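Here's the structure we're looking at; comments come further down.
Protein chains in written order, with the working numbering: chain A, 1 to 328; chain B, 329 to 683.
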């Protein structure tokens, strides 16, 4: 039984008089204890997908099809009251730039305590206070600093405090949207190390959304690559991105371009070609493969027929006509 | 590219010499500068013609302050900034304006650095008007179109009439590059020019910068937090920590044989080497960078230094501030470099290890 099952999810945004499909029939699973990474560039739909799980999409967005099942509960169509029971206790969210979401005029321990008491009405005050200190300790903040105000913390420490808060009601799934983007290299590594250790110690499933392949490579078991609202490839991180010393086996040209875009200190000292052009306008209908306009290998069929999703090996899939051509 | 680099003259002039640059900010609530923040605390480096020097470090390390001081957008507290035989640190008024033509800057945020109400043409033409370059409007028009073409904004005629909101992030950064290049500067200071762009657009911008270096001999002071990008783009890399250069050398030497423990930590994180046998991540460095208002005694890195701990916390690290010293006489960072660049590090125990 998967912890999270998303089937054929579509998310539409009303824009002016028309609409734009940011997520288009996406299906994915997260198993208990598993860390899954969603990678893609800005506008690919990864954040909309993440926000749709706890039903936190903005007002001009709606789920137009599909289902989201979290620990046997169907979330699509659930009432706000029922959702509030699940938010924080079943699924918690660390937002992009979350470290700036702390209340600047309230001490950090107080804010975490509020998160507990708001969701667990029956929580004993003394026990809850104890738990705040444990949570801070868990994320590497000494209890001596618990009474600090957010401005007394560095960016990395504020992000740790946000992670502590997200874990306040012992969720089974943590959705982390760009959890390290605004942080420095060393602080990023520290937060990633924290996420990877929490997975083990707290038996936490993680859905990490990022544009940073190396962050996903280091934390996640599986990777899902999104482009223009659809999943173009997914598979075991080790296989798709490659292990140290072994080449990546990414099958989709977009994944290959993403991998090539960042220089590898263990590889050759050359600058990648980059990927000219931009993703397609999603408010207009697209025939064929969405990546065709930027794909160095595009064939006539790519502009006419939507590529089928094909299995490459166990658990590794990609949607590209090149693969069906090779197979036939 | 390689053909042109062979044609370059063997002896190269220095376009910038920075000596003992210090930038202090008065800390809030301080009394007679007692709590001064030393954002830049004695930094020296050279850039020769056609060379790309990367300043690598984390936010708050002072790398952007160095750039702003070189541009004289910030007043240096002391030190010399020599360009074209003049000390920019002491120039004023008209002389400073003239000197600034030689040095142009590209900023991190192509969304914020362009005026949204100006066409691309007006944005790129503006520096020409400010510096009274180009005798006629026709001449200026030609210079603008050339600059757009140089920045691969094609077709220039059409793009010149567009507004920033019609352009992608990568195109906007090309406009910023065009408005720097229209002055034909000797040196371009590029402060995190790709960190706000999508991954797929980054390589194009970096490639353009390198291409302009090869075609026009432009030098760059390239500021980045990303050691891997610095490695492929720059000839030499300087690693900055808490207002000081702690290691400097040819890019390959520095990446392949780092001497300073801070550089090693940055490399292990950037290269994804901070992974343990079970796939768990190992903290590359403990703690946080201290505030520049409160620089540690002795070696500024010692409170976080893994080597300091390994060596049994030697007294020297706590009491003596290490200065850059030669670790390795390296080969030329580029085939045509005038001088051999040595690889230097500011660590009391750097040389022992490299033997």
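Beta carbons: idealized from backbone N, C-alpha and C, even for Gly. These numbers were taken from a predicted model, which means no experiment stands behind them.
Where does the unbroken beta strand (DSSP E) through residue i begin, and where does it stop?
i, result
"residue 449/B", "Unbroken run through residue 449/B is the alpha helix (DSSP H), 448-458; no beta strand (DSSP E)."
"residue 217/A", "Looking at the DSSP string, residue 217/A is not in any beta strand (DSSP E); the run it does join, the alpha helix (DSSP H), is 213-219."
"residue 342/B", "342-353"
"residue 223/A", "222-227"
"residue 653/B", "653-657"
"residue 433/B", "431-434"
"residue 7/A", "4-15"
"residue 205/A", "205-210"
"residue 420/B", "First-last for residue 420/B: undefined, no H or E at that position."
"residue 628/B", "Counting along the chain, residue 628/B falls outside any beta strand (DSSP E), and DSSP gives it neither H nor E."
"residue 309/A", "309-313"
"residue 83/A", "Per DSSP, residue 83/A belongs to no beta strand (DSSP E); it is in the alpha helix (DSSP H), 80-86."
Buried or exposed: which applies to residue i, given that a residue is buried once 16 or more other Cβ atoms fall within 10 Å of its Cβ?
i, result
"residue 413/B", "exposed"
"residue 334/B", "Annotation note: pLDDT 39 at residue 334/B (below 50); position unreliable, coordinate value reported separately. Classification for residue 334/B: exposed."
"residue 432/B", "buried"
"residue 500/B", "buried"
"residue 157/A", "buried"
"residue 440/B", "exposed"
"residue 424/B", "exposed"
"residue 109/A", "buried"
"residue 445/B", "exposed"
"residue 17/A", "exposed"
"residue 610/B", "exposed"
"residue 426/B", "exposed"
"residue 12/A", "buried"
"residue 47/A", "buried"
Tell me whether residue i sits in a helix, a strand or coil according to DSSP, three-state version.
i, result
"residue 103/A", "coil"
"residue 391/B", "helix"
"residue 264/A", "coil"
"residue 547/B", "strand"
"residue 73/A", "strand"
"residue 159/A", "helix"
"residue 113/A", "helix"
"residue 322/A", "helix"
"residue 272/A", "coil"
"residue 187/A", "helix"
"residue 284/A", "coil"
"residue 374/B", "strand"
"residue 31/A", "coil"
"residue 519/B", "strand"
"residue 124/A", "coil"
"residue 297/A", "coil"
"residue 290/A", "coil"
"residue 202/A", "helix"
"residue 182/A", "coil"
"residue 172/A", "coil"
"residue 590/B", "helix"
"residue 364/B", "coil"
"residue 304/A", "coil"
Which residues bound the alpha helix (DSSP H) around residue i?
i, result
"residue 576/B", "From DSSP, residue 576/B is part of no alpha helix (DSSP H) but of the beta strand (DSSP E) over 572-578."
"residue 238/A", "237-241"
"residue 296/B", "In this structure chain B extends from 329 to 683, so residue 296/B is not present and cannot be described."
"residue 470/B", "465-478"
"residue 505/B", "497-509"
"residue 636/B", "634-638"
Assuming the contact rule is C-beta atoms closer than 8 angstroms, residue i and residue j should be a hit. Round their C-beta distance to whole Å, please.
i, j, result
"residue 92/A", "residue 171/A", "4 angstroms"
"residue 205/A", "residue 219/A", "That pair is no contact at about 12 angstroms."
"residue 574/B", "residue 673/B", "7 angstroms"
"residue 278/A", "residue 299/A", "At roughly 21 angstroms, the Cβ-Cβ gap does not stay under 8 angstroms, so residue 278/A and residue 299/A are not in contact."
"residue 589/B", "residue 642/B", "Actually they are not in contact, since the Cβ atoms of residue 589/B and residue 642/B sit about 13 angstroms apart, beyond 8 angstroms."
"residue 288/A", "residue 305/A", "6 angstroms"
"residue 26/A", "residue 230/A", "7 angstroms"
"residue 282/A", "residue 257/A", "Their Cβ separation, rounded to whole angstroms, is 20 angstroms, which puts residue 282/A and residue 257/A out of contact at 8 angstroms."
"residue 368/B", "residue 350/B", "6 angstroms"
Chain B contacts made by the stretch 24-48 of chain A, where a contact means CB separation under 9 angstroms:
Listed by position, the residues of the stretch 24-48 of chain A near chain B (Cβ gap below 9 angstroms) are 41, 42 and 43.
Listed from N- to C-terminal order along the chain, which residues in the stretch 595-608 of chain B have their beta-carbon within a distance smaller than 7 angstroms of any beta-carbon of chain A?
Residues 595, 597, 598, 599, 600, 602, 603 and 608.
Tell me which residues of the stretch 522-533 of chain B have at least one Cβ-Cβ distance to chain A shorter than 9 angstroms, keeping chain order.
Result list: 526, 527, 528, 529, 530, 531, 532 and 533.
Counting only Cβ-Cβ distances shorter than 7 angstroms, please list the residues of the stretch 480-506 of chain B near chain A, keeping chain order.
Of all residues in the stretch 480-506 of chain B, only 496 come within less than 7 angstroms of chain A when Cβ atoms are compared, listed by chain position.
Could you run through the stretch 263-278 of chain A and flag, in chain order, every residue whose CB is less than 8 angstroms away from some CB of chain B?
From the stretch 263-278 of chain A, only 263, 264, 265, 266, 269, 270, 271, 272, 273, 274, 275, 276 and 278 have a Cβ closer than 8 angstroms to chain B.
Chain A contacts made by the stretch 544-562 of chain B, where a contact means CB separation under 8 angstroms:
The residues in question are 553, 554, 555, 556, 557, 559, 560 and 561.
Output needed in chain order: residues of the stretch 379-402 of chain B with a Cβ under 7 angstroms from some Cβ in chain A.
Listed by position, the residues of the stretch 379-402 of chain B near chain A (Cβ gap below 7 angstroms) are 386 and 387.
Listed in chain order, which residues of the stretch 186-198 of chain A have Cβ atoms closer than 7 angstroms to some Cβ of chain B?
Against chain B - using a Cβ distance shorter than 7 angstroms - the residues of the stretch 186-198 of chain A are 186, 189, 190, 192, 193, 196 and 197.
For the stretch 127-149 of chain A, list every residue whose C-beta sits within 7 angstroms of some C-beta in chain B, in sequence order.
If the cut-off is 7 angstroms between Cβ atoms, the stretch 127-149 of chain A has nothing near chain B.
Interface positions of the stretch 277-295 of chain A facing chain B (Cβ-Cβ less than 7 angstroms), listed along the chain:
From the stretch 277-295 of chain A, only 278 have a Cβ closer than 7 angstroms to chain B.
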